[in-house]
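So the structure is just underneath, and the comments pick up after that.
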Amino acid sequence: MVTYGSGLSGGIAQVRSRLRAAAGSQIQQLAQQLADDIVKERDAVRAQSNNGRIFTAFDPTQDILSNNVATVTTGLFSGNTGSLTAMFTQSGQTEAQNSYFHNVLDANNITQFSVAYGHFAGSGSKDTTGNLNNDTPTRAIYKQYAQLLLEPDDKKFTFDGVDSDSIYIINFNRSRFKEKIDPGNIEINIGALSGSGHANVNHTGSHVHLRGDDFVLHLIDDSSTQAGTVGESGRIYNIISGSIDNNTSIFNSTNPQHYGLLYPEYGVAVLNGHALDLSASFNTVTASAVQGDNSMKLFTAISGSATITAGSNRNYGIQARSSEQVKSSFYFVRVKNAEYNYSNNPSYVTGSLGEMKYTTFVNDPQAYITTVGLYNNNRELLAVAKLSQPLLKNKTKEILVKVKLDF
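Numbering (numbering that gives the first Met the number 0), first residue to last: 0 to 406.
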């Protein structure tokens, strides 16, 4: 006897398997075709959006480089020059102002710094206000700078471990030194004054002149060898004898002579009056109730040094640079070949319907990039970068523009 049942069921199973395979293949083909259509549609939309794109979002990880810090130094004086040799006092100051300080101007009548004299006990000036507390100009100057620069419990300026009642002040114009005076790039040249033949009382700043022997005292800070001390007024350096001309040179570097203190963040140099009396014949007026006009001596010594050329190939005067830390962010604007090939400039179109002025631009657009605008997420314009010259853009060109923002 022959049995057919098992063979028939096996054949049906094979048929079902083939039908399922055929159906799966057809579904796979349909799915692939649908996927291809989606990709083509997406590419078409992307191409269309690229052609008319006016915004492109930055990729923060690839297109933005932020918080780059660089130290920038420039000449301290007008025109970003690093030296001042021609200087004058301000003729328009009142007598009362002159009893406190003298503004020092350049040849263009722009204030560069001021000079002043202070005495702890108020000597070297008169009390013209009628007060009974000896509130003289020199006392006011000393107390003002002591309060500004010294620690709260410190009342006197100390130079090389010794307190001084007599100080000369150089206060640089705040708009000139930006963040701070650049340590290691300041030199104050002081010509010796005519100290002989004058009584202390009569030898006021209004009657002084250079000694005549071409002696110049060169003063710099000691930042090249010392880290400086840190106080409430910032970092502080000693002012010592030396020169920054042709590299920094400290005179007697093993035991330098101290003349003052430099406060870079405040743009102030405080000089020891006693040291200037000894080395540069200042003969500072320290008599009481006498208008010594000592600050004029400091101006005469600095400005006069610029006229001394004996034994040197340069005029001295004063040299200084400002220093500031500038934070920068870089934005890399990447323009691909299919992007930004059309312009919204009115000269690009013609007629009431806004047709392209040149029909060749329909398939071969040509545009010039002149400006890059930086926008926030609300598409509000925050900054504009102008290119130095227009850049031609078409479908065969890609452009990378680096935009730098300083803060």
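Positions of the beta carbon are idealized from the N, C-alpha and C atoms, including for glycine.
Of the residues the options, the one placed nearest residue i, counting alpha carbons only
i, options, result
"aspartate 212", "Asp35, Phe298, Ile243 and Ala279", "Ala279"
"valine 103", "His217, Val38, Thr299 and Lys326", "Thr299"
"asparagine 237", "Val383, Ile243, Ala226 and Ser321", "Ala226"
"serine 232", "Asn251, Thr253, Gly266 and His208", "Gly266"
"leucine 270", "Ile301, Tyr330 and Ile37", "Ile301"
"aspartate 276", "Pro263, Gly259, Ala288 and Thr306", "Gly259"
"alanine 288", "Gln61, His101, Asp134 and Gln96", "Asp134"
"lysine 394", "Thr369, Phe406 and Val361", "Val361"
"valine 178", "Leu404, Arg41 and Thr73", "Valine is not the amino acid found at residue 178; the sequence shown has glutamate there. Of the candidates Leu404, Arg41 and Thr73, the one whose C-alpha sits nearest the C-alpha of glutamate 178 is Thr73."
"glutamate 264", "Val229, Asn344, Ser387 and Leu386", "Val229"
"glutamine 111", "Pro59, Gln89 and Ala95", "Gln89"
"asparagine 340", "Val161, Lys396 and Gly353", "Lys396"
"leucine 412", "Ala268, Thr308 and Ala286", "In the structure as shown, the chain begins at 0 and stops at 406. Residue 412 is therefore absent and cannot be evaluated."
"glycine 183", "Gly117, Ile307, Val207 and Ser223", "Ser223"
"asparagine 376", "Glu338, Phe57, Glu150 and Asn97", "Phe57"
"histidine 257", "Asp162, Gln365 and Asn97", "Asp162"
"serine 365", "Asn336, Leu352 and Arg378", "Checking the displayed sequence, the identity of residue 365 turns out to be glutamine instead of serine. That would be Asn336, whose Cα lies nearest to the Cα of glutamine 365."
"asparagine 343", "Phe331, Glu323, Tyr330 and Thr369", "Thr369"
Residue i, buried or exposed, once every other Cβ within 10 Å from all chains shown has been counted against 16
i, result
"arginine 175", "buried"
"aspartate 220", "buried"
"lysine 392", "buried"
"glycine 123", "buried"
"arginine 313", "exposed"
"isoleucine 63", "exposed"
"isoleucine 26", "exposed"
"phenylalanine 76", "buried"
"isoleucine 109", "exposed"
"alanine 106", "exposed"
"phenylalanine 54", "exposed"
"glycine 160", "exposed"
"arginine 138", "buried"
"alanine 382", "exposed"
8 Å Cβ cutoff met for residue i and residue j
i, j, result
"alanine 115", "isoleucine 180", "no"
"glutamine 318", "isoleucine 249", "no"
"threonine 203", "valine 325", "no"
"isoleucine 239", "valine 215", "no"
"leucine 390", "tyrosine 367", "yes"
"asparagine 66", "serine 304", "no"
"glycine 81", "arginine 320", "yes"
"valine 348", "valine 371", "no"
"alanine 145", "phenylalanine 156", "yes"
"alanine 408", "leucine 209", "Nothing about residue 408 can be read from this structure; the chain reaches only from 0 to 406."
"valine 334", "isoleucine 398", "yes"
"glycine 291", "serine 165", "no"
"histidine 118", "tyrosine 99", "no"
Residue i, DSSP secondary structure in three states
i, result
"glycine 372", "strand"
"glutamate 323", "strand"
"arginine 333", "strand"
"methionine 355", "strand"
"serine 205", "helix"
"serine 174", "helix"
"glutamine 388", "strand"
"lysine 396", "coil"
"valine 289", "coil"
"tyrosine 144", "helix"
"leucine 149", "coil"
"aspartate 181", "coil"
"isoleucine 307", "coil"
"valine 348", "strand"
"phenylalanine 298", "helix"
"phenylalanine 250", "coil"
"asparagine 97", "helix"
"alanine 69", "strand"
"isoleucine 243", "coil"
"isoleucine 53", "coil"
"threonine 137", "helix"
"leucine 381", "strand"
Paired residues, beta bridge with residue i - DSSP
i, result
"serine 113", "Asn102 and Asn170"
"arginine 234", "Val229"
"aspartate 162", "Thr157"
"leucine 261", "Tyr236 and Ala268"
"glutamate 186", "Ile219 and Gln318"
"phenylalanine 87", "Leu104"
"valine 38", "None; valine 38 has no bridge partner."
"histidine 273", "Paired residue(s): none; histidine 273 is not in a bridge."
"aspartate 405", "Ser327"
"phenylalanine 281", "BP columns for phenylalanine 281 are empty, so no partner."
"tyrosine 367", "Leu391"
"threonine 80", "Phe76"
"leucine 192", "Leu209"
Cβ-heavy atom distance, residue i to the ligand NAD, below 7 Å
i, result
"threonine 358", "Although the ligand NAD was asked about, the structure shown includes no ligands whatsoever."
C-beta neighbour in chain B for residue i, strict 8 Å
i, result
"aspartate 221", "Absent from the structure: chain B. Only one protein chain is present."
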